[in-house]
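Below: one structure, written as structure tokens.
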Amino acid sequence: MAADLGISTIAAEISGSGDAMAAVTLRQDSVDPITGKQEHRPHRLRIGLYNFDDGGQLFRTEGIELDLDGADTTVGGLAGKQRPALLLVNDDDLSYAKVRLDAGSEATVRSSLDRISDPMARALCWTALWDSARDAVTPATLYVAAVERFAPAEPGIGVLLNVLGNAVTAVERYVPAPQRDEVREGLMAASAMRLRSSEPGSDQQLAWARTLADLSRHDGAYVEFFRGILSGNVVVDGLAVDADLRWSLWQALAANGAATLPELDAELALDHTASGREGHALAAAARPDADVKTAAWNAAVNDTGLSNEILGATIAGFSLAPSGLLDGFTEPYFDCLEDIWQSRSIEIAGRIVRGLFPSAQDLQAGMAPADHPVLRRTDDWLGTHTSAPRALRRIVIEQRSHLFRALAAQAAGAPQREAVALERG
């Protein structure tokens, strides 16, 4: 299981048979980022008990406040009471902590998330589902399925944008490679449908459009649809095709090899703003060609004249690539780390070290996450560069942690899950 060091994870364990609860125990897991040991923190929590009303909506029937000071705390006053449909730890978000739903509550959320009328409680449940996926507790495909099912009914645009962004990350990083194309196609189809069925001109419609564009950076199924929107031959009722959305569509086309540099230059001539130049740089670097990737790499590593924004866009475009196209840049990355750190400002060096880390990796069948060659290469660099600047090492360690998390999530979703050892990384 991958975990966020320094953040408490609080889970509720409900004992008892049938509908009655014998006891509810809160268990805290909190690993200190420095020592790697359990470091339990004090938390003031509210436990929310939710049940269905006659109209099928989930609402809070009882709330209990308590202090959690150590590893385990028994919640008083619940023995003998009926087990609720949903027991929500940290209801009202009183404390900074991650929450694990008990099995019964998770089943309720996965079947009835849209029936939770309270926006805060619903957002907390969305977050619990996401943390479960990214921590390799449940397969990421379950999170994507929840998004397809419940996101269309989510009224809060901030929450919607968050869960859609998480879903894209889940597809491209956490879903096992053999399942990824199918899962992506399903979410793309859902996004295209919601793009057309959402209220014309609404923020929700634009959110689904951007999600479709983001997913289409890795799948060319909607190339002609996007070209039609860009040319004006395809009109989606109410959709505001502004400059930002146009660049998102061009970037998807470019990543699929369906946009030429002259076409991107022509678009830049129409939008020669700062954001337009960033959009152009990203799209140009996204083209799936070895020479293009080499040029983008050289620009990011060697061109000291790039602004922070153009550097970031170039790196983002470079990172969009079909499987295998960037394999040849792994060794050059580790070879140049110290030179970059010594020759660039902290801000620029940090962007390069984070952005060029080979994070887009897939776990092979039967492989433990800790055995992935890029993870091992990262460990080798850390082991042989113990005297490297602490800030540089910290960034590399952070990127290693992100990679391990993705690989562990892939292992959690693989058919042979039980046969794969999820070694702590």
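Once you know that position 352 of the sequence shown is 394 in our numbering, the rest is easy, because the numbers rise by one and skip nothing.
Positions of the beta carbon are idealized from the N, C-alpha and C atoms, including for glycine.
Where residue i falls: helix, strand or coil (DSSP)
i: Glu107; result: strand
i: Thr491; result: The structure shown does not extend to residue 491, since the chain spans only 43 to 467, so no value can be given for it.
i: Gln406; result: coil
i: Phe192; result: helix
i: Ala178; result: coil
i: Leu128; result: strand
i: Lys140; result: strand
i: Leu171; result: helix
i: Leu100; result: strand
i: Ser239; result: helix
i: Ala448; result: helix
i: Ala308; result: helix
i: Ser258; result: helix
i: Ser365; result: coil
i: Ala62; result: strand
i: Ser244; result: coil
i: Ser57; result: strand
Continuous alpha helix (DSSP H) stretch holding residue i: start and end
i: Tyr92; result: Note, Tyr92: premise wrong, no alpha helix (DSSP H); beta strand (DSSP E) at His85 to Phe94.
i: Asp381; result: Thr372 to Ser385
i: Lys335; result: Ala332 to Asn344
Beta-carbon proximity list for residue i, same chain, < 8 Å, skipping 5 on both sides
i: Lys335; result: Ala327, Phe360, Ala363, Leu367, Leu368 and Phe371
i: Val141; result: Thr51, Ile52, Ala53, Leu130, Val131, Asn132, Leu166, Thr169, Ala170 and Asp173
Nearest-angstrom Cα separation, counted from residue j out to residue i
i: Pro181; j: Gly347; result: 43 Å
i: Pro220; j: Ala358; result: 24 Å
i: Gln458; j: Leu136; result: Any reading at Gln458 needs caution, since the residue's pLDDT is 46, under 50, leaving its predicted position unreliable; the model's value is listed next. Taking the straight line joining both Cα atoms gives about 39 Å.
i: Pro374; j: Ala209; result: 31 Å
i: Ser317; j: Gly354; result: 12 Å
i: Met390; j: Asp381; result: With the sequence shown as reference, residue 390 is identified as Ile, and Met is not the correct amino acid for it. Cα to Cα, the separation comes out at about 13 Å.
i: Arg222; j: Ser240; result: 26 Å
i: Ala463; j: Gly262; result: With a pLDDT of only 39 at Ala463, under the threshold of 50, the placement of this residue in the model should not be trusted; the figure read from the coordinates follows. For Ala463 and Gly262, the distance between alpha carbons rounds to 35 Å.
i: Asp422; j: Trp292; result: 39 Å
i: Ser153; j: Arg259; result: 31 Å
i: Ile271; j: Ala450; result: 39 Å
i: Ser273; j: Glu309; result: 11 Å
i: Arg32; j: Arg176; result: Past the boundaries of the shown model lies residue 32; the chain is included only from 43 to 467, so the question cannot be answered.
Beta-carbon gap between residue i and residue j smaller than 8 Å
i: Ala30; j: Pro330; result: With the chain running from 43 to 467 in the structure shown, residue 30 is simply not present.
i: Arg393; j: Ile437; result: no
i: Glu55; j: Asp144; result: yes
i: Ala127; j: Phe94; result: yes
i: Gly455; j: Thr183; result: yes
i: Val277; j: Phe267; result: no
Any non-hydrogen atom of the ligand GTP within 7 Å of residue i CB
i: Ala65; result: Only the bare structure without any ligand can be found here, which leaves the ligand GTP out of the picture.
Residue interval of the beta strand (DSSP E) (run including residue i)
i: Thr150; result: Run containing Thr150: none in the beta strand (DSSP E); it sits in the alpha helix (DSSP H), Ala145 to Ser154.
i: Ala65; result: Ala65 to Asp71
i: Thr116; result: Asp114 to Thr116
Sequence-distant residues of its chain with Cβ nearer than 7 Å to residue i (five each side left out)
i: Ala338; result: Ala327, Thr356, Gly359 and Phe360
i: Phe192; result: Leu155 and Asp156
i: Glu320; result: Glu351, Ile352 and Ala355
Min CB distance residue i to chain B below 8 Å
i: Ser365; result: Among the chains of the structure shown, chain B does not appear; only one protein chain is present.
Cutoff 6 Å; reference residue i; Cβ partners in own chain excluding five residues on either side
i: Leu287; result: none
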